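*Asks:*
Residue numbers (the working numbering): 28 to 349.
Below, the structure written as structure tokens:
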């Protein structure tokens, strides 16, 4: 088969569409013919040599895809050859074929086509596992998401509104904030010009992609019993944490990721996928949550897609068709 490979760590030009060995499904796994995949910031880090895949998994980029079931591994009974699905991956999506644990497959959401569905698994599983399963966001609470114009941010706005929360976002321009407002955001903060602590007031749940750079202010913005969940390190990896502030607010700070979780277990990817299917897919079917796709490109233009995401003009997700 063909896949996007990395000649050596570096810029987008190191990506190449080349022939690689076909994967084979093991017990409990499924082989998919890939229709489309999507670009995530983790892909950029892996291309640069900073985010290697979990041991024993594909070293091909791509944390999600959509496609058609081609082969069933031993013990798989819930799916059939020919089923159209989307999937959460540990890697391997930038390819013509990929192997995925059956527990990480999802049917296409009602009303979503096969290509667009590739944009959903990573954002849906990231948002649900962190904002709801971990932080416990409920109706009437205030939710702050940093990077509201990104793939995770655009999805998180809609899910939080569907849950009945007041939603605050940060973004880097008036235009991007206006589009966040169209998705339901109530409080709009231009991080280049405004202090989100002053603008938001108090947030019960904060979903943060910045890490060190925002840590102290994120703790400041937390309401009593507030929950800060860190899912990215775009602003660095080390910062000082004022434990006294946390104690005074009875607040908590968590840092989590999806890629290195096991398939099984109470926090495993299988459970996350099952909850997304049960709770988020009906939101999509009803129109309360919609996929936000900035552009669709052929997989051969993966380097162009990486350049675009490294810039500041992408709103939502970039999808690559295979």
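Quick reminder that beta carbons are idealized off the backbone N, C-alpha and C, glycines included.
Computed from a prediction, not measured in an experiment: that's the story for all the values here.
Grab the span of the beta strand (DSSP E) containing residue 344 for me, first residue to last.
*Replies:* Residue numbering aside, residue 344 sits at position 317 when the chain shown is read from its first letter. Element bounds for residue 344: 344 to 348.
*Asks:* With a threshold of 16 other CB atoms inside 10 Å of the CB of residue 274, please say whether the residue is buried or exposed.
*Replies:* The residue labelled residue 274 in the question sits at position 247 within the chain shown. The residue in question, residue 274, is exposed, as its Cβ has fewer than 16 Cβ neighbours within 10 Å.
*Asks:* With distances taken Cα to Cα, identify the nearest neighbour of residue 259 among 29, 330 and 157.
*Replies:* Here residue 259 corresponds to residue number 232 of the chain shown, with the count starting at 1. Of the candidates 29, 330 and 157, the one whose C-alpha sits nearest the C-alpha of residue 259 is 157.
*Asks:* Taking only runs of the beta strand (DSSP E) that begin and end inside the segment 241 to 292, which ones reach a length of at least 3 residues, in chain order?
*Replies:* Listed in chain order, they are 249 to 257 and 279 to 282.
*Asks:* Roughly how many whole angstroms lie between the Cα atoms of residue 130 and residue 153?
*Replies:* Within the chain shown, numbered from 1, the residue matching residue 130 stands at position 103. Within the chain shown, numbered from 1, the residue matching residue 153 stands at position 126. About 16 angstroms.
*Asks:* Give every residue of the same chain whose Cβ lies closer than 8 angstroms to the Cβ of residue 81, excluding the five residues on either side of it in the sequence, and list them in chain order.
*Replies:* Taking the first residue of the chain shown as 1, we reach residue 81 at position 54. Around residue 81: 117, 118, 286 and 287.
*Asks:* Residue 96 by DSSP, collapsed to three states: which one?
*Replies:* Taking the chain shown and counting its residues from 1, the one referred to as residue 96 is at position 69. Three-state DSSP puts residue 96 in a strand.
*Asks:* Mind reading off the beta-carbon distance from residue 171 to residue 201? Whole number of angstroms is fine, and I expect it under 8 angstroms.
*Replies:* Looking up residue 171 in the chain shown gives position 144. Looking up residue 201 in the chain shown gives position 174. Not really, about 19 angstroms apart at Cβ, beyond 8 angstroms.
*Asks:* Of the choices 151, 139, 197 and 168, whose alpha-carbon is the least far from that of residue 312?
*Replies:* The count along the chain shown starts at 1 and reaches residue 312 at position 285. Of the listed residues, the one whose Cα sits closest to residue 312 is 139.
*Asks:* So is residue 245 buried or exposed if we call it buried at 16+ other beta carbons inside 10 Å?
*Replies:* What you label residue 245 is simply residue 218 of the chain shown in a count that begins at 1. Classification of residue 245: buried, given that the 10 Å Cβ count is 16 or more.
*Asks:* Check for me: the alpha helix (DSSP H) holding residue 182 runs from which residue to which?
*Replies:* As a first step, residue 182 must be located in the chain shown, where it is residue number 155. Run containing residue 182: 178 to 189, per the alpha helix (DSSP H) assignment.
*Asks:* Give me the Cα-Cα distance between residue 231 and residue 280, rounded to the nearest whole angstrom.
*Replies:* Sequence index remark: in the chain shown, residue 231 carries index 204 (1-based). Sequence index remark: in the chain shown, residue 280 carries index 253 (1-based). Rounded to whole angstroms, residue 231 to residue 280 spans 12 angstroms at the Cα level.
*Asks:* If you count every other CB in all the chains shown that lies within 10 Å of the CB of residue 326, and 16 or more means buried, which is it?
*Replies:* In the chain shown, the residue the question calls residue 326 occupies position 299. Looking at its Cβ environment, which holds 16 or more other Cβ atoms inside 10 Å, residue 326 is buried.
*Asks:* Can you list, in chain order, the residues of its chain with a C-beta nearer than 8 angstroms to that of residue 67? Leave out the 5 residues immediately preceding and following it.
*Replies:* On the chain shown, position 40 is the one that residue 67 refers to. Around residue 67: 90, 91, 149 and 178.
*Asks:* So what does DSSP say about residue 157, is it helix, strand or coil?
*Replies:* Counting from 1 along the chain shown, the entry for residue 157 is found at position 130. In the structure shown, residue 157 sits in a helix (DSSP, three-state: H, G or I).
*Asks:* Which residue comes first and which comes last in the beta strand (DSSP E) that contains residue 337?
*Replies:* Residue numbering aside, residue 337 sits at position 310 when the chain shown is read from its first letter. Run containing residue 337: none in the beta strand (DSSP E); it sits in the alpha helix (DSSP H), 329 to 337.
*Asks:* Just verifying my parser: in three-state terms, what is the DSSP assignment at residue 173?
*Replies:* Position 146 of the chain shown, counted from the first residue, corresponds to residue 173. Note: residue 173 maps to coil in three-state DSSP.
*Asks:* Flag this pair as touching only if the segment 306 to 320 and the segment 184 to 191 have three or more C-beta atom pairs under 8 angstroms; answer yes or no.
*Replies:* As far as the Cβ criterion goes, the segment 306 to 320 touches the segment 184 to 191, which means the pair count is three or higher.
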